[in-house]
Structures are given as structure tokens and as C-alpha cells.
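Engineer:
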Amino acid sequence: MNRRRILKTGESYTFNQYFDLPFTLEDILAEFDCTLVRSHIDLPRQPFTAAIEPLLHQLQRNRKRIE
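With the sequence shown counted from 1, adding 2 to any position gets you this note's numbering.
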């Protein structure tokens, strides 16, 4: 089965332009004979060891700079 081409032959696209196209991600990927599989991943976690007070102080200082 021939499917309708959604990308113009010979035209180059930037990464952002693919997302501006009025087509689904699956249709765009099909142009490259690719598919997308979404799945949940569990990333490793580490306990937060930094003290919060210095970070709060730095945040307050930076907010004063931009206000």
C-alpha cells in the first residue's frame, strides 16, 4: 500500500520544524520507517544530601538581584 508522503522530497527540516507539521508523531516517524514505543522507566534515586538552608539563601539573593 502506498501511503501519502508528508515530507517534501529534497527539502531539509530542522528538529523544530517536525513538531510544527500538522501530522501526528507516528505519521512523521513512518516517513523514516520508524515507530515510537513509550514505556515507563525507573531511574536510580539518591537521597538529597545537601543542606536546604544555603540553597534557600542563594535563591533569596538571586531573587533580589532580578526584582
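Each residue gets a CB set at the ideal place from its N, CA and C atoms; glycine is no exception.
#1: Once you ignore the five residues that flank T37 on each side, which residues in its own chain have a CB closer than 8 angstroms to its CB?
#2: Along the chain, where does the alpha helix (DSSP H) containing Y20 start, and where does it finish?
#3: Straight-line CA distance for Y20 to R40?
#4: Within a Cβ cutoff of 8 angstroms, which residues of the same chain sit near I54, ignoring the five residues on either side of it in sequence?
Structural biologist: From the atom records:
#1: On the sequence shown, position 35 is the one that residue 37 refers to. Residues E28 and L31 of the same chain have their beta carbon placed closer than 8 angstroms to that of T37, with the five preceding and five following residues left out of the count.
#2: As a position in the sequence shown, residue 20 is number 18, starting the count at 1. First-last of the alpha helix (DSSP H) with Y20: F17 to D22.
#3: Position 18 of the sequence shown, counting from 1, holds the residue named residue 20. Position 38 of the sequence shown, counting from 1, holds the residue named residue 40. Y20 and R40: Cα-Cα distance of roughly 19 angstroms.
#4: Your numbering for residue 54 matches position 52 in the sequence shown. Counting only Cβ-Cβ distances below 8 angstroms, and skipping sequence neighbours, we find nothing.
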